[in-house]
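Novice: Chains as they are written, first to last, in the working numbering: chain A, 44 to 463; chain B, 3 to 316. Beta carbons are placed, not taken as given, at the ideal position from N, Cα and C, and that holds for glycine.
1) Are the C-beta of residue 15 of chain B and some C-beta of chain A separated by less than 8 Å?
2) From which residue to which residue does the beta strand (DSSP E) around residue 26 of chain B run?
3) Can you tell which of B/61, B/187, B/220 and B/71 has its C-alpha closest to the C-alpha of residue 15 of chain B?
4) Which residues share a DSSP beta bridge with residue 199 of chain A?
5) Quick one: measure Cβ to Cβ for residue 362 of chain A and residue 448 of chain A, integer angstroms, because I've assumed they're closer than 8 Å.
6) Excluding the 5 residues preceding and the 5 following residue 428 of chain A in the sequence, name in chain order all residues of the same chain whose CB lies nearer than 7 Å to its CB.
7) Name the DSSP beta bridge partners of residue 234 of chain B, please?
8) Going straight from the alpha carbon of residue 278 of chain A to that of residue 187 of chain B, what length do you get?
9) Could you confirm whether any beta carbon from chain A is found closer than 8 Å to the beta carbon of residue 79 of chain B?
10) Straight-line CA distance for residue 137 of chain B to residue 345 of chain A?
11) Quick check on residue 323 of chain B - is its C-beta less than 8 Å from some C-beta in chain A?
12) Helix, strand or coil, according to DSSP, for residue 14 of chain B in the structure here?
13) Please report the Cβ distance between residue 167 of chain B and residue 146 of chain B, rounded to the nearest whole angstrom; I am assuming they are in contact, meaning their Cβ atoms lie under 8 Å.
14) Note down, in chain order, every chain B residue with its Cβ under 8 Å from the Cβ of residue 457 of chain A.
15) If the criterion is Cβ atoms closer than 8 Å, does the pair residue 302 of chain A and residue 109 of chain B meet it?
16) Buried or exposed: residue 409 of chain A, going by 16 or more other Cβ atoms within 10 Å of its Cβ?
17) Starting from the N-terminal side, write out each stretch of the alpha helix (DSSP H) that is 4 residues or longer and does not extend beyond the stretch 285-353 of chain A.
18) Taking the straight line between their C-alpha atoms, what separation do you get for residue 319 of chain A and residue 254 of chain A?
19) Where does residue 282 of chain B land, buried or exposed, given buried means 16+ other C-beta within 10 angstroms?
20) Of the choices B/113, B/75 and B/223, whose alpha-carbon is the least far from that of residue 290 of chain B?
21) When burial is assigned at 16 or more other CB atoms within 10 Å of the CB, is residue 232 of chain A buried or exposed?
22) What do you reckon, are the CB atoms on residue 204 of chain B and residue 39 of chain B nearer than 8 Å?
23) Three or more C-beta pairs closer than 8 Å, one from the stretch 240-251 of chain A and one from the stretch 144-151 of chain A: is that the case here?
24) Does the separation of the CB atoms of residue 12 of chain B and residue 64 of chain B fall below 8 Å?
25) Output the residue ranges of the beta strand (DSSP E) runs that lie fully inside the stretch 32-106 of chain B and measure 3 residues or longer, sorted by chain position.
26) Taking 8 Å as the threshold, find out whether the stretch 262-280 of chain A comes into contact with the stretch 361-375 of chain A through three or more Cβ pairs.
27) Could you name the residues of the same chain whose beta carbon sits closer than 8 Å to that of residue 302 of chain B, not counting the 5 residues immediately before and after it, in chain order?
28) Grouping DSSP H, G and I as helix and E and B as strand, with all else coil, what is residue 156 of chain A?
29) How many whole angstroms separate the CB atoms of residue 9 of chain B and residue 189 of chain B, which I take to be in contact at a CB cut-off of 8 Å?
30) To the nearest angstrom, how far is it from the Cα of residue 201 of chain A to the Cα of residue 149 of chain A?
31) Quick one, which of B/54, B/33 and B/35 has its alpha-carbon nearest residue 213 of chain B's?
32) What's the gap between the Cα of residue 188 of chain A and the Cα of residue 234 of chain A?
33) Give the interface partners of residue 232 of chain A over in chain B, defined as CB-CB distance under 7 Å, in chain order.
34) Could you confirm whether any beta carbon from chain A is found closer than 8 Å to the beta carbon of residue 95 of chain B?
35) For the putative contact between residue 239 of chain A and residue 334 of chain A, defined by C-beta atoms under 8 Å, what is the C-beta separation to the nearest angstrom?
36) Go ahead and label residue 193 of chain B buried or exposed: buried means 16 or more other beta carbons lie within 10 angstroms of its beta carbon, across all protein chains shown.
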């Protein structure tokens, strides 16, 4: 693996550190602030329990074994705010919010349905390839010209064509047998190399790369991102949460963190599913002569690529959802753009050569280009630019989208019951 | 210097939405401890004011001082000492009541272990704590909202229409709870359209209309000190004439056993003027009105029917 391919990964920690610093700068209110406190009028800390029900007050000097009341409202003493503030810095707050976002997320049906769809698609990619392999392994087939007959074209298995004498379907002119034999010999020549390539994608660890390149992840993460933030506006729970003093920036950072972690978890599940599928596939197909396997380092790279391809999509949907204060609207815009961009690029490309390089700087094209680097069977969608280019463009998009989302959530009023 | 007696102080607080001025130079002061009523007709700016005090709405101008701090806007540290329910409580419909409280306790800075169960007991939701919030009745939602507002043992609690949807027994329970909450050094800001409840629970109130503060002070003083007095003297007929000549006395009417008179000045002026005419006061008592009457008078509303919970943000 050359240095150019690894450079983006070397830059990744720097990018993460940069984002973390930006978060700290955006959310300075978690830092200790030296401001005067209201002096406690009653007693200095520590002070006895205060309660609305006098019968619940533990008398001063009472033994600690005295039973703790299970009902009634008790006000335990609070530690000094300065100590509290210094204990809870921004990272701790975001970590806490992330943990509790996960608590909510795993209790919803939607993420599990999306995960199921993702796993199904990845399995479909593997098993379609397995059946393709079996078809080629069976010797391939030739298409018999219809010769004016109605109905779909017929095929003949090469194993039958190459038999002595050739076994052709009924009604086929035997004079065509030499031509079919020549086709089948050519297929067999190409087939060996094709079999080796395909086998590498359905056996471990290559199957993981194939499953990760299934391509539906960006759509599903867009749906999840829009939903995770959009429901807070729809249900009005954003207001309920923000009045807890969590901090707006920390609140959004927690949501982004849980989305990225959920994406990571989903990819791990896909990888495990692909590995399981490989175990079965390797039992039902015969390995070709000279079969080679993908390297684990290339799988790790593909995993990193697949995950990082989702990051700008999360950032885009988070920004759109905060901007529109609606999960469904942002979902429509985000997914609509992802679908429309390649169509638009193709149309513009036909209009003028000036637009030929436009895709090098657009989001969906760069996500596609970056992701396709992990696929063994397909070349980069835009081979004219390097992985480094894709990486830089995606980092820029992610940073801009995230910065806009943080700016919007920090500066906007949350005045209505719906959180808008 | 921060004034330690005030938990909320606003100065010229103003919020405009486009051309609409929802809050207009509001200078509010809420003393530490007790239950404070925030009253106003629909669209008077109560919810916007509460929104600004909770950092949800950015003021257009003016200042907010919470817990005696001098700062611009509301800090997260301040919010961690505040519990609030605004309008209809909003929770996650797919989570149970218990899990909703667990979540909000989890993200709170000052939540204590076992607090969720204690609060569920307090609002009598323990038996339904595992039911999804979406299946709760309005009364149960309100109870959960009250429990939510008390998470983290806040020093300042905002309760916006906490008795909405509750049956009479529930209303009485919440009323007692609110009274108790205000007794142990905690400050409760109560916004309710049930003025009789407010009168029973609140020591102090502020009345807002069209975003402006119309009145603020002790309930007892506000409903007593409107300057209306019942006067019974040694000679009521002559007293009427003397009072009519006083520039600070108005609206003199005969009542059974005396007169009622509205006085702009110190009531002792009235007593002094009568004594100067050899008329001696046998009784001089302020005429008590209800908070509802006082409210209607200062807001200029024709009936209490036009007053109620803010259905939408002001």
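Specialist: According to the data block:
1) Taking the first residue of the second chain as position 1, residue 15 of chain B is located at position 13. Residue 15 of chain B does not count as touching chain A.
2) Numbered from its first residue, the second chain carries residue 26 of chain B at position 24. Run containing residue 26 of chain B: 22-28, per the beta strand (DSSP E) assignment.
3) Taking the second chain and counting its residues from 1, the one referred to as residue 15 of chain B is at position 13. Among B/61, B/187, B/220 and B/71, the Cα nearest to that of residue 15 of chain B belongs to B/61.
4) By one-based count along the first chain, residue 199 of chain A stands at place 156. For residue 199 of chain A, which the question treats as bridged, DSSP gives the partners A/185.
5) Your numbering for residue 362 of chain A matches position 319 in the first chain. Your numbering for residue 448 of chain A matches position 405 in the first chain. About 4 Å separates the two Cβ atoms, so the contact holds.
6) For the purposes of this step, residue 428 of chain A is taken as the residue at position 385 of the first chain. Closer than 7 Å at Cβ, skipping near neighbours: 403 and 412.
7) Position 232 of the second chain, counted from the first residue, corresponds to residue 234 of chain B. Looking at the DSSP assignment, residue 234 of chain B forms a beta bridge with B/285.
8) Sequence index remark: in the first chain, residue 278 of chain A carries index 235 (1-based). Sequence index remark: in the second chain, residue 187 of chain B carries index 185 (1-based). Cα-Cα distance, rounded: 33 Å.
9) Position 77 of the second chain, counting from 1, holds the residue named residue 79 of chain B. Yes, because at least one Cβ of chain A sits closer than 8 Å to the Cβ of residue 79 of chain B.
10) Counted from its first residue, the second chain places residue 137 of chain B at position 135. Counted from its first residue, the first chain places residue 345 of chain A at position 302. Roughly 45 Å separates the two Cα atoms.
11) Outside the displayed range of chain B (3 to 316) lies residue 323 of chain B, so it cannot be described from this structure.
12) Taking the first residue of the second chain as position 1, residue 14 of chain B is located at position 12. In this structure, residue 14 of chain B counts as strand in the three-state DSSP scheme.
13) The residue labelled residue 167 of chain B in the question sits at position 165 within the second chain. The residue labelled residue 146 of chain B in the question sits at position 144 within the second chain. 11 Å between Cβ atoms; not a contact.
14) As a first step, residue 457 of chain A must be located in the first chain, where it is residue number 414. Here the neighbours are 53, 58 and 59.
15) Here residue 302 of chain A refers to the residue found at position 259 of the first chain. Here residue 109 of chain B refers to the residue found at position 107 of the second chain. No, Cβ-Cβ distance for residue 302 of chain A and residue 109 of chain B is not below 8 Å.
16) Translated into positions along the first chain, residue 409 of chain A becomes position 366. It is buried - the Cβ of residue 409 of chain A has at least 16 other Cβ atoms within 10 Å.
17) 291-327
18) Position 276 of the first chain, counted from the first residue, corresponds to residue 319 of chain A. Position 211 of the first chain, counted from the first residue, corresponds to residue 254 of chain A. Distance between the alpha carbons of residue 319 of chain A and residue 254 of chain A: 11 Å.
19) Along the second chain, one-based indexing puts residue 282 of chain B at 280. Residue 282 of chain B should be labelled exposed.
20) Translated into the one-based positions of the second chain, residue 290 of chain B becomes position 288. Among B/113, B/75 and B/223, the Cα nearest to that of residue 290 of chain B belongs to B/223.
21) Along the first chain, one-based indexing puts residue 232 of chain A at 189. With fewer than 16 Cβ atoms within 10 Å of its Cβ, residue 232 of chain A is classed as exposed.
22) Position 202 of the second chain holds residue 204 of chain B. Position 37 of the second chain holds residue 39 of chain B. Cβ atoms of residue 204 of chain B and residue 39 of chain B: closer than 8 Å.
23) no
24) Against the second chain, residue 12 of chain B aligns to sequence position 10. Against the second chain, residue 64 of chain B aligns to sequence position 62. Taking 8 Å as the Cβ cut-off, residue 12 of chain B and residue 64 of chain B qualify as a contacting pair.
25) 36-41, 63-68 and 84-87
26) yes
27) Start at 1 with the first residue of the second chain, and residue 302 of chain B comes out as number 300. Answer for residue 302 of chain B: 211, listed in chain order.
28) Counting from one through the first chain, the residue named residue 156 of chain A turns up at place 113. Here residue 156 of chain A sits in helix by DSSP.
29) Residue numbering aside, residue 9 of chain B sits at position 7 when the second chain is read from its first letter. Residue numbering aside, residue 189 of chain B sits at position 187 when the second chain is read from its first letter. Confirmed, Cβ separation roughly 5 Å.
30) Your numbering for residue 201 of chain A matches position 158 in the first chain. Your numbering for residue 149 of chain A matches position 106 in the first chain. Each residue's alpha carbon lies about 52 Å from the other.
31) Position 211 of the second chain, counted from the start, is the residue given in the question as residue 213 of chain B. Among B/54, B/33 and B/35, the Cα nearest to that of residue 213 of chain B belongs to B/54.
32) Sequence index remark: in the first chain, residue 188 of chain A carries index 145 (1-based). Sequence index remark: in the first chain, residue 234 of chain A carries index 191 (1-based). In a straight line, the C-alpha of residue 188 of chain A is about 22 Å away from that of residue 234 of chain A.
33) To locate residue 232 of chain A, count along the first chain from 1; it is residue 189. By Cβ distance, chain B contributes nothing, its closest Cβ being about 59 Å from residue 232 of chain A, past 7 Å.
34) As a first step, residue 95 of chain B is located in the second chain; it is residue number 93 there, counting from the start. With 8 Å as the cut-off, residue 95 of chain B counts as an interface residue toward chain A.
35) For this step, residue 239 of chain A is matched to residue 196 along the first chain. For this step, residue 334 of chain A is matched to residue 291 along the first chain. Contact holds; Cβ gap of about 6 Å.
36) Residue 193 of chain B sits at position 191 when you count from the first residue of the second chain. Answer is buried; the Cβ neighbour count reaches 16.
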